[in-house]
Amino acid sequence: MLDTLVCLDDPERIEIVTWNIRNFPRSDVTVERLAELISIQQADIYCIQEVMDYDAILELLSLIEGYEVVHSQRSRYMGMATLYQSAEFTILNTRELFLENLYPFASRPPLKTLIRRGDFQFELINLHMKCCDDGIARREEACEILYEYLTTEADSNIIVVGDWNDDFSTATGRRTMKAFLENPQQFRYVTEELAFHSENIWDSYPSWPSFLDHILIGKALFDEDESATSATLRLDKVISDYFTVFSDHRPVYWEFQP
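Using the working numbering, the first residue of the sequence shown is number 2, and each one after it goes up by one.
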């Protein structure tokens, strides 16, 4: 079933996958099947949201070669995990952001990792915004807080990935993410074309359908983005039990040459 998947790994480029794997692990076979999938794809970095069992993440690492992980310590519910190829990347620092103001972030502090490969260094933030109920107002406030923080890091190579729980091709998404959308000189969603595709074939949340899993970069990476590629990995088209084993979200990736 997975023999139609291709390897994503390119030694000259960096591949980052963001993936909300529902209530990870979704089923009794999720860990084993994910290990098989990662062993084929071999993307450099996987940013996973909705981690319910960190022991399952460690089990996953025992089944794949060459990956290590940093993960949430302070999330009260549904944490984040960032898997990376340890031979290529050095983790310089990891911290959880906005611990003094967790309510807008649904008590899930964004997980920031400072990473180096060779002489290239970048800041990777893995997040999962609030959904449902009062989610619109809380996402808007969270984006404003994140925006103010990132403007102080303006000269850094910034990459923010995750489940933003809104689609900026809709009115609510344009409201909640407006701080970034209204400053295109400093920030860019590299997933914008995917989100606005007229046929919704690249939507990361196909059951709605909508595009919720965005990748944002800062201006220091705009030049790299000119030759970069972003895509939604429509694994449900090649894995018949995808929604049962993995998620109601599809993974989204961005690959670029530093």
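Heads up, the beta-carbon is just placed ideally off N, CA and C, and yes, glycines get one too.
Checklist entry - Residues in its own chain within less than 6 Å of S108 by CB, not counting five upstream and five downstream? => result The count along the sequence shown starts at 1 and reaches residue 108 at position 107. The residues are R77.
Item to check | Exposure of Y68, with buried meaning 16 or more beta-carbon neighbours within 10 Å | outcome: Position 67 of the sequence shown, counted from the start, is the residue given in the question as residue 68. Y68 should be labelled buried.
Checklist entry - So does the region 188-199 actually touch the region 239-246, counting three or more Cβ pairs closer than 8 Å? => result no
Checklist entry - When burial is assigned at 16 or more other CB atoms within 10 Å of the CB, is E39 buried or exposed? => result On the sequence shown, residue 39 is found 38 positions in, with the first residue counted as 1. The residue you asked about is not Glu; residue 39 is Ile in the sequence shown. Classification of I39: buried, given that the 10 Å Cβ count is 16 or more.
Item to check | Segments of 4+ residues assigned as alpha helix (DSSP H) that fall wholly inside the region 149-204 | outcome: Counting only runs of at least 4 residues, the region 149-204 fully encloses the following alpha helix (DSSP H) elements, listed from N- to C-terminal order: 172-177, 179-182 and 193-196.
Next on the checklist: Can you tell me where the beta strand (DSSP E) holding D134 begins and where it ends?
Outcome noted: Translated into positions along the sequence shown, residue 134 becomes position 133. Note, D134: premise wrong, no beta strand (DSSP E); not H, not E.
Checklist entry - Is it buried or exposed for W255, if we count other Cβ within 10 angstroms and need 16 for buried? => result Taking the first residue of the sequence shown as position 1, residue 255 is located at position 254. W255 comes out buried.
Checklist entry - Could you check where the beta strand (DSSP E) with I22 kicks off and where it finishes? => result Within the sequence shown, residue 22 is the residue found at index 21, counting from 1. Here the beta strand (DSSP E) through I22 covers I15 to F25.
Next on the checklist: Residues in the same chain with beta-carbon distance under 8 Å from T91, minus the five sequence neighbours each way, listed in chain order, please.
Outcome noted: As a first step, residue 91 is located in the sequence shown; it is residue number 90 there, counting from the start. For T91, where only same-chain residues beyond five positions count, the Cβ hits under 8 Å are I116, R117 and R118.
Next on the checklist: According to DSSP, is F223 part of a helix, a strand, or is it coil?
Outcome noted: For this step, residue 223 is matched to residue 222 along the sequence shown. Helix, per DSSP.
Item to check | Simplified DSSP assignment, three categories, for R117 | outcome: Locating residue 117 in the sequence shown gives position 116, where the first residue counts as 1. Reduced to three states, the DSSP call for R117 is strand.
Checklist entry - What is the rounded straight-line gap between the Cα of I65 and the Cα of E37? => result Taking the first residue of the sequence shown as 1, we reach residue 65 at position 64. Taking the first residue of the sequence shown as 1, we reach residue 37 at position 36. Going from the Cα of I65 to the Cα of E37 covers about 8 Å.
Next on the checklist: Taking the alpha carbon of A229 as the reference point, which residue from E194, V30, D167 and D135 has its own alpha carbon closest?
Outcome noted: Here the question's residue 229 lines up with position 228 in the sequence shown. For A229, the closest of E194, V30, D167 and D135 by C-alpha to C-alpha distance is E194.
Checklist entry - For E124, which residues from the same chain have a beta carbon less than 6 Å from its beta carbon, with the 5 sequence-adjacent residues on both sides left out? => result Looking up residue 124 in the sequence shown gives position 123. Contacts found: L115, S157 and I159.
Item to check | Own chain partners of D54 with C-beta closer than 8 Å, once the 5 adjacent residues on each side are dropped | outcome: Counted from its first residue, the sequence shown places residue 54 at position 53. The residues are F25 and P26.
Checklist entry - Pick from E149, L217, R251 and E225: whose alpha carbon is nearest that of P259? => result The count along the sequence shown starts at 1 and reaches residue 259 at position 258. P259 has its Cα closest to that of E225, out of E149, L217, R251 and E225.
Next on the checklist: Buried or exposed, going by whether 16 or more other CB atoms sit within 10 Å of the CB of K113?
Outcome noted: By one-based count along the sequence shown, residue 113 stands at place 112. Burial call: buried.
Item to check | C-alpha gap between G80 and N184, whole angstroms | outcome: Taking the first residue of the sequence shown as position 1, residue 80 is located at position 79. Taking the first residue of the sequence shown as position 1, residue 184 is located at position 183. Approximately 29 Å between the Cα atoms of the pair.
Item to check | Close-in-space but distant-in-sequence residues of the same chain around S28 (CB under 8 Å, 5 per side omitted) | outcome: If you number the sequence shown from 1, residue 28 lands on position 27. So the list reads T245 and V246, once near-sequence residues are dropped.
Item to check | Buried/exposed call for E13, threshold 16 Cβ in 10 Å | outcome: Position 12 of the sequence shown, counted from the start, is the residue given in the question as residue 13. E13 is exposed by the Cβ-count criterion.
Checklist entry - Which of helix, strand or coil does DSSP assign to S40? => result Residue mapping note: residue 40 aligns to position 39 of the sequence shown, counting from 1. Note: S40 maps to helix in three-state DSSP.
Next on the checklist: Between E154, C144, L151 and E149, which has its C-alpha nearest F169's C-alpha?
Outcome noted: Numbered from its first residue, the sequence shown carries residue 169 at position 168. The candidate whose alpha carbon is nearest that of F169 is C144.
Item to check | Close-in-space but distant-in-sequence residues of the same chain around T31 (CB under 8 Å, 5 per side omitted) | outcome: Along the sequence shown, one-based indexing puts residue 31 at 30. Taken in chain order, the residues that qualify are I22, F25, A57, V246 and F247.
Item to check | Reference E154; option with closest CA among L93, G174 and I218 | outcome: Residue 154 sits at position 153 when you count from the first residue of the sequence shown. Answer by Cα proximity: I218.
Checklist entry - Ends of the alpha helix (DSSP H) at A57? => result In the sequence shown, the residue the question calls residue 57 occupies position 56. That run of the alpha helix (DSSP H) goes Y55 to L64.
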